[in-house]
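In the working numbering, the protein residues as written are 1295 to 1477.
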Amino acid sequence: MPGEVGIWVFVLTDLMMFTAYFAAVMNERGHHGRDFVAGRAAMNTDLGVVNTFLMLTASLCIALAVHAVRKSEHHTSRRFLLAAGTCGALFIVAKAIEWSSAVGAGHTPQTNVFFQMYFLLTGMHLLHVIIAMLVLAHMWHTTGRGTAPTGTRRLRFFENGATFWHLTDTLWIVLFTLFYLVR
């Protein structure tokens, strides 16, 4: 299993917390169906698809970066980390555009329970993306110094970072499904 036991404990704990939130969304959908139908209709599904593409592409790039670093191909790893970071930055920009567009259209957390849940959960996810971006930046910096993982400890850090990003990616896929696709 890649990474350390600690990252997996964190991932499972985080997944349990988000699973409770996802269950709350489904419960609220059952109680406030009209709010969810109206909220879903107001969502920019095209931008949601772009966000999903960015997250999945970043995950692929991170997996390739870890693979490259295992083979001591630090320059290749660095390129993949830069590509992943670019996707992450574009995701953040797209989310900011989407949020400002929603607020501009009068959709705020005070509008209804759909937007309350949407802003809360996508905000929590965005925090995960920002943290993951900081980890990626450290990984990128490490490969540039020529001190990329050659030992088990450093390789574990890369695997931990990749595992955290993949968690963030998985959370987005569920959020995309709940807020953009489920009718």
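Cβ coordinates follow ideal geometry from the N, Cα and C atoms, glycine included.
If you're wondering where the values come from, they're calculated on a predicted model, not measured in any experiment.
If you draw a straight line from the alpha carbon of A1383 to that of M1427, how long is it in whole angstroms?
Position 89 of the sequence shown, counted from the start, is the residue given in the question as residue 1383. Position 133 of the sequence shown, counted from the start, is the residue given in the question as residue 1427. Rounded to whole angstroms, A1383 to M1427 spans 8 Å at the Cα level.
Could you tell me the distance, in whole angstroms, from the CA atom of S1394 to the CA atom of L1461?
Counting from 1 along the sequence shown, the entry for residue 1394 is found at position 100. Counting from 1 along the sequence shown, the entry for residue 1461 is found at position 167. One C-alpha to the other measures close to 26 Å.
List, from N- to C-terminal side, the alpha helix (DSSP H) runs of 4 residues or more that fit wholly inside the region 1325–1393.
The region 1325–1393 contains these whole alpha helix (DSSP H) runs: 1327–1336 and 1339–1364.
Need the endpoints of the alpha helix (DSSP H) that R1448 sits in, please.
Position 154 of the sequence shown, counted from the first residue, corresponds to residue 1448. Segment T1446 to F1470, the alpha helix (DSSP H) holding R1448.
Alpha carbon to alpha carbon, what distance is there between H1369 and Y1412?
Within the sequence shown, the letter at position 118 stands for residue 1412. Within the sequence shown, the letter at position 75 stands for residue 1369. About 39 Å.
Just the C-alpha distance for F1452 and H1325, rounded to the nearest angstrom, thanks.
By 1-based counting over the sequence shown, the position of residue 1452 is 158. By 1-based counting over the sequence shown, the position of residue 1325 is 31. Each residue's Cα considered, the two are about 43 Å apart.
Under the three-state reduction of DSSP, which class applies to M1295: helix, strand or coil?
For the purposes of this step, residue 1295 is taken as the residue at position 1 of the sequence shown. Coil.
Taking the CB atoms as reference points, tell me whether C1355 and F1385 lie closer together than 7 Å.
Numbered from its first residue, the sequence shown carries residue 1355 at position 61. Numbered from its first residue, the sequence shown carries residue 1385 at position 91. No, Cβ-Cβ distance for C1355 and F1385 is not below 7 Å.
Look at the alpha carbon of A1390 and the alpha carbon of T1351, and state the distance between them as a whole number of angstroms.
Position 96 of the sequence shown, counted from the start, is the residue given in the question as residue 1390. Position 57 of the sequence shown, counted from the start, is the residue given in the question as residue 1351. Their Cα atoms are separated by approximately 19 Å.
Report the three-state DSSP secondary structure of N1321 (helix, strand or coil).
Numbered from 1 along the sequence shown, position 27 holds the residue referred to as residue 1321. Helix at N1321.
Give the straight-line distance between the Cα atoms of M1418 and D1308, rounded to the nearest whole angstrom.
Position 124 of the sequence shown, counted from the start, is the residue given in the question as residue 1418. Position 14 of the sequence shown, counted from the start, is the residue given in the question as residue 1308. The straight-line gap from Cα to Cα measures roughly 11 Å.
Please report how far the alpha carbon of D1463 lies from the alpha carbon of S1353, in whole angstroms.
As a first step, residue 1463 is located in the sequence shown; it is residue number 169 there, counting from the start. As a first step, residue 1353 is located in the sequence shown; it is residue number 59 there, counting from the start. If I take the Cα positions, the gap works out to 7 Å.
Using the three-state DSSP reduction, which class does H1401 fall into: helix, strand or coil?
In the sequence shown, the residue the question calls residue 1401 occupies position 107. H1401 falls in the coil class under three-state DSSP.
Nearest by alpha-carbon distance to T1339: which of R1447, G1327, L1465 and E1392 is it?
Residue numbering aside, residue 1339 sits at position 45 when the sequence shown is read from its first letter. Here the closest residue by C-alpha is E1392.
Please classify V1407: does DSSP put it in a helix, a strand, or coil?
For the purposes of this step, residue 1407 is identified with residue 113 of the sequence shown, where counting begins at 1. Three-state DSSP puts V1407 in a helix.
Quick check on DSSP: helix, strand or coil for V1476?
As a working note, residue 1476 is residue 182 in the sequence shown. Note: V1476 maps to coil in three-state DSSP.
From this set, F1470, W1466, L1465 and R1450, which residue's C-alpha is nearest M1295's C-alpha?
Within the sequence shown, the letter at position 1 stands for residue 1295. Nearest option by C-alpha distance: R1450.
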